Amino acid sequence: MKIDGLRVSGGHRLLPPPGFLGITLFGRVWTRHSREELAAFLKTERGRRFIRHERIHLLQARSLRWWAVFYAVYFWYWLKLFAVTFNSPMAYRTCPFELEAYDNEDDGDYTVSRWRDYRLTNRQRRQWYREEREKS
Ligand SMILES: [Zn+2]
């Protein structure tokens, strides 16, 4: 099905990795939910937020023109921190693309990616993550 320019498909066995609701690959959102579960889920507030989140990744990829560039840059930011902390959740959550997506996933009118404003140094990323964990 198509929602806000995103193709969403359900019922996958391998994607996304366990613990993730969905993963966006080349403009398509993959989830493990069945078609029926997915339709019901997307009507919930959590489901709509999920779509807005994934849509921000679409905007980010657009700002970089090619999905391949988006993934290369995404992976670079992930690796940059993972290589020194071996903390995968931290490397994921503080990557500028995720910081922007989580920060704006409640904004239905978010149409232009500003992911570059979310770039942090490794030191800032570690501190951000520590503070975020203390909050919850
Ligand atoms: Zn994300």
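Take any residue in the sequence shown, count from 1 to its spot, add 58: that is its number in this note's numbering. Each residue gets a CB set at the ideal place from its N, CA and C atoms; glycine is no exception. It should be emphasised that the depicted structure is a prediction, and the values quoted were computed from it without experimental measurement.
- DSSP three-state call for Lys60: helix, strand or coil? As a first step, residue 60 must be located in the sequence shown, where it is residue number 2. It is a strand residue.
- Task: Count the CB pairs spanning the segment 101-115 and the segment 64-80 that are closer than 8 Å, and state whether there are at least three.
- Result: yes
- Query: Is the CB-CB distance between Leu100 and Arg86 below 9 Å?
  - Reply: Locating residue 100 in the sequence shown gives position 42, where the first residue counts as 1. Locating residue 86 in the sequence shown gives position 28, where the first residue counts as 1. Contact: no.
- Query: Any chance the CB of Tyr160 is under 8 Å from a heavy atom of ligand 1?
  - Reply: Here residue 160 is taken as the residue at index 102 of the sequence shown, counted from 1. Yes, Cβ of Tyr160 sits closer than 8 Å to a heavy atom of ligand 1.
- Span separating the alpha-carbon of Phe133 from that of Asp167: One-based indexing of the sequence shown puts residue 133 at position 75. One-based indexing of the sequence shown puts residue 167 at position 109. So the alpha carbons of these two residues sit roughly 27 Å apart.
- Compute the minimum distance between the beta carbon of His91 and the heavy atoms of ligand 1, and state whether it is under 8 Å. The sequence position of residue 91 within the sequence shown is 33, counting from 1. No, the Cβ of His91 stays beyond 8 Å of every heavy atom of ligand 1.
- Under 9 Å between the Cβ atoms of Leu139 and Arg183? The residue you call residue 139 lines up with position 81 of the sequence shown. The residue you call residue 183 lines up with position 125 of the sequence shown. Contact flag set, yes.
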